[in-house]
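Sequence lines, in order, name chains A and B. Heads up, the first sequence stops at 207 in our numbering, and the numbers go up one at a time, no gaps. Heads up, the second sequence stops at 1207 in our numbering, and the numbers go up one at a time, no gaps.
Number of protein chains: 2
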Amino acid sequence: MEIKKPKRVADSSKLDASAWTQGALDMLAKKGIAGVRVELLAKELGVTKGSFYWHFRDREALLEEMLTSWRRLATLALIERLDRGEASPAARLQRLLRLPLVGRSSAHAADVELAVRLWGRDDMRAASALAEVDQLRLRYIAGLLVESGVEQADADARAILAYSYIRVAATLVPADALDTMSRCEEILLNNGASATVRKKRTPTTPR
Amino acid sequence: MEIKKPKRVADSSKLDASAWTQGALDMLAKKGIAGVRVELLAKELGVTKGSFYWHFRDREALLEEMLTSWRRLATLALIERLDRGEASPAARLQRLLRLPLVGRSSAHAADVELAVRLWGRDDMRAASALAEVDQLRLRYIAGLLVESGVEQADADARAILAYSYIRVAATLVPADALDTMSRCEEILLNNGASATVRKKRTPTTPR
DNA sequence: ATTTCACCATACGCTTCCGTATTGACATTC
DNA sequence: GAATGTCAATACGGAAGCGTATGGTGAAAT
Chain A
1 MEIKKPKRVA DSSKLDASAW TQGALDMLAK KGIAGVRVEL LAKELGVTKG SFYWHFRDRE
61 ALLEEMLTSW RRLATLALIE RLDRGEASPA ARLQRLLRLP LVGRSSAHAA DVELAVRLWG
121 RDDMRAASAL AEVDQLRLRY IAGLLVESGV EQADADARAI LAYSYIRVAA TLVPADALDT
181 MSRCEEILLN NGASATVRKK RTPTTPR
Chain B
1001 MEIKKPKRVA DSSKLDASAW TQGALDMLAK KGIAGVRVEL LAKELGVTKG SFYWHFRDRE
1061 ALLEEMLTSW RRLATLALIE RLDRGEASPA ARLQRLLRLP LVGRSSAHAA DVELAVRLWG
1121 RDDMRAASAL AEVDQLRLRY IAGLLVESGV EQADADARAI LAYSYIRVAA TLVPADALDT
1181 MSRCEEILLN NGASATVRKK RTPTTPR
């Protein structure tokens, strides 16, 4: 009988639990939680499920870790902003509003988050994690607005509008519509009374 | 041997293709497209997959029909609003902004739509349907704004903000936060210059 | 009364997937 | 050098699911 030598991965490409978790979040972003399958994930990572069951007790343990990881990432992203004190609150808010419209990593994070939201429709743990992160973000944005001189009651309403825009803008605003972006930001941050200032158009990059 | 009599459903409860499609959209709203499984769906509907394959060639045919059905519902909802001429544009817009925050049917529609959005991340047909519906809605909202006296360039920006709010508000605004709703609507529809008018609070109904 | 049709149930073959048990290879520890 | 630990591969059993083939039932048509 022919002796079949198993092919072990090199040390440098050995997987750890976080590699599995990240791969699972990538899969989540494309296919939703029902599409996160152990054997499919193993294929994506170039190994077999034996490795998976070394790192995780079962699929449920992976889902828990995915949620923990996502929550940590979402919270850290916020804390990083809180710790940045170099710009005025208004400038920080302006940058926050522009963030979803630039960069691939925010696009991927938005895909993961969309999938977490749907997951939350059928899983209380995911729903709780989402509610917590949403509340943290709203408080952060409202805080920046108050620091910028907006009164508290108005800041709550503007925070909701700004957060809505941040979540949705990337799917509605073409990347080259800088005038529109600026006007949206004016309406959100100020009283929207000033006239639109026209800016030079840049080449389009469709999303 | 005991003769097992198959249990046929009564005429009045016979399924047609649209019953299967509606059931599949309900399943989509909870588990995403990967969670829409023929045998699971048959169980939900109280029959077996034999019925399914009478109505549909295969699972792929069901997915096509789901998308067609969703697109039709989303478009009809808009046309119904277009045809309603009894209120002023501003009043119609006000009602549109308040719509996601009341009623169970809009909550379910939002869940279906969330799932369609994720589906669109991995399927060009779903992505195309979404882009089309989003553009129709944005044009509708911008049209109402222009009819209300807002200038065109400003209307585009406000339409984006209003549509963002409509899509997201139900998950952010507590059902009893009428002051906040009103303030959001003011900022979106007007220049947000007028002060918030306080209204009596109603008993809370958590979403 | 018989035939045809609409609609669904059942059985089968196959693939995919989960989780378990066992084995293999290499590094580390004693 | 032997034992142990880490990480992964393979094989197995069973469940879930897709699609096909066939059969059953009741209503409609002839």
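We treat Cβ as the ideally placed atom computed from N, Cα and C, and that holds for glycine.
Exercise. Among B:1147, B:1033, B:1166 and B:1171, which one has its Cα closest to the Cα of residue 1096 of chain B?
Worked result: Checking every option, the nearest Cα to that of residue 1096 of chain B belongs to B:1166.
For this session: With 9 Å as the threshold, decide whether the Cβ of residue 1048 of chain B is near any Cβ in chain A.
Result: By this cut-off, residue 1048 of chain B is not an interface position.
For this session: Please classify residue 15 of chain A: does DSSP put it in a helix, a strand, or coil?
Result: Residue state, collapsed to three classes: coil.
Problem set entry | Status (buried if at least 16 other CB within 10 Å, exposed otherwise) for residue 218 of chain A | This structure cannot settle anything about residue 218 of chain A, because the visible part of chain A is limited to 1 through 207.
Problem set entry | Residues that residue 1075 of chain B contacts on chain A, provided the C-beta gap is smaller than 9 Å | Ordered by position in chain A, no residue passes the 9 Å Cβ test against residue 1075 of chain B, which lies about 18 Å from the chain.
For this session: Please confirm if residue 16 of chain A has its CB atom under 9 Å from at least one CB of chain B.
Result: No, because no Cβ of chain B sits closer than 9 Å to the Cβ of residue 16 of chain A.
Exercise. If you draw a straight line from the C-alpha of residue 1153 of chain B to the C-alpha of residue 180 of chain A, how long is it?
Worked result: Going by the C-alpha atoms only, they are around 8 Å apart.
Exercise. For residue 118 of chain A and chain B, any beta-carbon pair shorter than 9 Å?
Worked result: Yes - at least one Cβ of chain B is within 9 Å of the one on residue 118 of chain A.
Problem set entry | Which of helix, strand or coil DSSP assigns to residue 1112 of chain B | Residue 1112 of chain B sits in a helix when the DSSP states are folded into three classes.
For this session: State buried or exposed for residue 141 of chain A, treating a residue as buried only when at least 16 other CB atoms are found within 10 Å of its CB.
Result: With 16 or more other Cβ atoms within 10 Å, it is buried.
Exercise. Which value, in whole angstroms, describes the spacing of the CA atoms of residue 1068 of chain B and residue 35 of chain A?
Worked result: Going from the Cα of residue 1068 of chain B to the Cα of residue 35 of chain A covers about 23 Å.
Problem set entry | Beta carbon of residue 169 of chain A nearer than 9 Å to that of residue 1187 of chain B | Contact check for residue 169 of chain A against residue 1187 of chain B fails: the beta carbons are separated by 9 Å or more.
Problem set entry | Sequence-distant residues of its chain with Cβ nearer than 6 Å to residue 1056 of chain B (five each side left out) | Hits under 6 Å: 1062.
Exercise. Is the stretch 1024-1035 of chain B close to the stretch 118-133 of chain A, with three or more CB pairs under 8 Å?
Worked result: Contact between the stretch 1024-1035 of chain B and the stretch 118-133 of chain A is present: three or more C-beta pairs spanning the two stretches fall below 8 Å.
Exercise. Contact check, residue 1099 of chain B vs residue 1106 of chain B under 8 Å by CB: the rounded distance?
Worked result: About 6 Å separates the two Cβ atoms, so the contact holds.
Problem set entry | Simplified DSSP assignment, three categories, for residue 1075 of chain B | Of the three classes helix, strand and coil, the one that applies to residue 1075 of chain B here is helix, per DSSP.
Exercise. Between the C-alpha atoms of residue 87 of chain A and residue 1066 of chain B, what's the straight-line distance to the nearest angstrom?
Worked result: Each residue's Cα considered, the two are about 48 Å apart.
Problem set entry | residue 187 of chain A at chain B interface by Cβ criterion, 9 Å | Judged by the 9 Å Cβ criterion, residue 187 of chain A is in contact with chain B.
For this session: Spell out whether any CB of chain A is found under 9 Å from the CB atom of residue 1031 of chain B.
Result: Yes, because at least one Cβ of chain A sits closer than 9 Å to the Cβ of residue 1031 of chain B.
Exercise. Where does residue 111 of chain A land, buried or exposed, given buried means 16+ other C-beta within 10 angstroms?
Worked result: Counting Cβ neighbours within 10 Å, residue 111 of chain A comes out buried, since at least 16 surround it.
For this session: Look at the alpha carbon of residue 145 of chain A and the alpha carbon of residue 157 of chain A, and state the distance between them as a whole number of angstroms.
Result: As the crow flies, the alpha-carbon of residue 145 of chain A is around 10 Å from that of residue 157 of chain A.
Exercise. Which runs of the alpha helix (DSSP H), 4 residues or longer, sit entirely within the stretch 22-55 of chain A?
Worked result: Note on the stretch 22-55 of chain A: whole alpha helix (DSSP H) runs with a minimum of 4 residues are 38-45 and 49-55, in chain order.
Exercise. Can you tell me whether residue 1054 of chain B is buried or exposed, with buried defined as 16 or more other CB within 10 angstroms of its CB?
Worked result: Residue 1054 of chain B should be labelled exposed.
Exercise. Whose C-alpha, out of A:148, A:132 and A:49, is nearest the C-alpha of residue 93 of chain A?
Worked result: Of the candidates A:148, A:132 and A:49, the one whose C-alpha sits nearest the C-alpha of residue 93 of chain A is A:148.
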